[in-house]
Amino acid sequence: MGRGLAADLLGWFAQSGRDLPWRRTADPYAIWVSEVMLQQTRVETAVPYYERFMERFPDLRSLAAASQEEVLLLWEGLGYYSRARHLHQAANQVVGRLGGRIPESQDRLQELPGVGRYTAAAIVAIAFRQDTLALDGNLRRVLVRLFDIHLDPRSPDGERELERRAAAILPRGKASEFNQGLMDLGALICTPRRPACSVCPLARHCLARRRGTQELLPVRAPRAPLPERVAVAAVWQENGKVLLRRNPSRGLLAGLWGFPGGLLAEGEDERVGLRRLIEQQLEIQIRVGDPLPRLKHSYSHFRVNLQPYTCQSAGRRLRERAGTRWVELKGLGQLPMGKLDRQLAERLAAG
DNA sequence: AATTCGTGGGT
DNA sequence: TACCCAAGAAT
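So the first sequence is numbered by the numbering used here: it starts at 8 and just counts up by one.
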């Protein structure tokens with residue numbers, strides 16, 4: 008007569024759970040920062056960013072007092088940059104309107120920018136020890152296998168069923184360990200492909216394993232085919248400087264600095280499109296020179312080809328136009344840029 | 001409800 | 001190679 012499911016999970020978590028930096032504190036602010044960084048981001052990727060961020064902004068007030076540019080600079084390379092802007096905005100709201108006190112209810116937390124249903128649930132469960140289910144991607148996968156649920160766990164029906172079944176096993180007073188234990192189990196054992204059932208502490212509770220369906224779960228709705236888009240960018244150098252412009256406030260890499268350019272129209276020639284974009288964005292006439300070697304990068308929902316060109320100015324108006332800067336190659340570190348642009352810039356700076 | 005938003009790693 | 005997916009949120 009073995010222990011219950013939750014007891015087995017908590018025992019495994021205490022013994023084999025990961026030692027992560029945000030688990031060494033009970034500071035709600037630290038938990039909050041970690042949860043935002045971990046949105047759609049692997050633990051190993053987030054850890055070094057978390058360490059640097061907490062060193063520079065050890066508390067809510069230091070974050071609120073910072074400039075958005077500095078926050079973005081620390082976020083550079085992590086992706087999904089609206090997370091950084093929202094976190095900064097939310098810090099200012101809490102300091103300015105809530106007296107610096109982070110809300111302790113899921114509903115109030117969810118009113119903050121960048122804090123959705125999951126993040127609010129995780130904060131109240133982990134930092135405030137409330138009995139709340141933090142239903143993230145790991146829990147969805149683990150729970151549909153445990154209960155052999157053949158519904159898309161991201162669909163409204165699937166989500167309702169998961170919450171109903173999870174509520175029945177959520178141990179009172181231990182939601183923090185329960186949630187994080189399931190997350191670690193999903194990351195280490197109950198992985199998306201080839202789950203390691205033979206070493207799973209919950210194997211004897213798992214209906215999918217009993218029925219041999221664990222590799223088939225979770226079921227997924229067919230995804231729409233990815234749209235394919237092509238982007239081009241110009242690397243424009245003059246006297247040891249390079250021209251950067253701030254991206255529009257909406258869209259890809261919004262608000263960050265990058266090279267002039269953008270998305271091509273359907274079927275548009277790369278040289279023609281690049282010239283069109285530059286002339287639109289900078290309000291100048293240009294002559295397109297020889298292309299540099301092509302960079303290619305794949306985003307989650309589409310594909311981008313970065314095609315650097317050398318260009319020559321037709322006049323001096325560019326220096327006067329707002330939203331553009333000629334930057335000394337050594338000074339590139341002062342501007343928040345997307346990862347790919349940064350890599351290209353570093354390559355230029357290195358010669 | 002369906003899309004968009006980055007990047008890195010695995011198969 | 002091409003595709004999947006990862007501690008989701010906003011629109």
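Glycine included, every Cβ here is placed at the ideal spot set by N, Cα and C.
Just so we're clear, the structure is a prediction, and the values are computed from it rather than from any experiment.
When secondary structure is reduced to three states using DSSP, Asp297 falls in the strand class.
In the pairwise beta carbon analysis, the segment 102-120 is classified as not touching the segment 275-289: fewer than three pairs are separated by under 8 Å. In the displayed model, Leu313 falls within a strand according to three-state DSSP. Here DSSP, grouped into helix, strand and coil, assigns Trp243 to coil. In this structure, Pro160 and Arg147 form a Cβ contact; the two beta carbons are roughly 4 Å apart against a cut-off of 8 Å. Taking a contact to require three or more Cβ pairs closer than 8 Å, the segment 331-338 and the segment 57-65 do not qualify as touching. For Trp39, the enclosing alpha helix (DSSP H) starts and ends at Pro35 to Met44.
Here Pro255 is exposed. Its C-beta has fewer than 16 other C-beta atoms within 10 Å. Under the DSSP assignment, Gly11 falls outside any alpha helix (DSSP H); it carries neither an H nor an E label. When the beta-carbon positions are compared, Ala141 and Ala132 come within less than 9 Å of each other.
Counting the other CB atoms within 10 Å of its CB gives Pro110 a total of 16 or more, which places it among the buried residues. In the DSSP annotation of this structure, the continuous segment of the alpha helix (DSSP H) that includes Glu170 starts and ends at Pro163 to Ala174. Between Ala182 and Asp143 the beta-carbon gap is near 13 Å, outside 8 Å, which marks them as no contact. The beta carbon of Ile176 lies closer than 7 Å to those of Leu12 and Ala13 in the same chain, with the five residues before and after it left out.
Annotation: Ala240 to Gly274 spans about 17 Å, alpha carbon to alpha carbon. Relative to the Cα of Gly265, the nearest Cα in the group Gly219, Val249 and Val206 belongs to Val249.
Annotated three-state conformation of Thr52 is helix, per DSSP. Per DSSP, reduced to three states, the secondary structure at Lys181 is coil, with no helix or strand assignment.
Secondary structure of Cys197 (DSSP, three-state): coil. About 7 Å separates the beta carbons of Phe185 and Leu16, which is inside the 8 Å limit, making them a contact pair. When DSSP states are grouped into helix, strand and coil, Cys318 belongs to the strand group. A direct Cα-Cα distance of roughly 9 Å separates Arg200 from Gln221. Arg59 places its beta carbon 9 Å or farther from that of Leu94.
Nearest to Glu83 by alpha-carbon distance, out of Ser74, Leu342 and His157, is Leu342.
Arg31 has no beta-bridge partner at all, per DSSP. Short of 6 Å from the beta carbon of Leu192, and not among the five residues preceding or following it, lie these beta carbons of its own chain, in chain order: Val149. Between Trp243 and the set Arg152, Met190, Ala231 and Leu336, the nearest pair of CA atoms involves Leu336.
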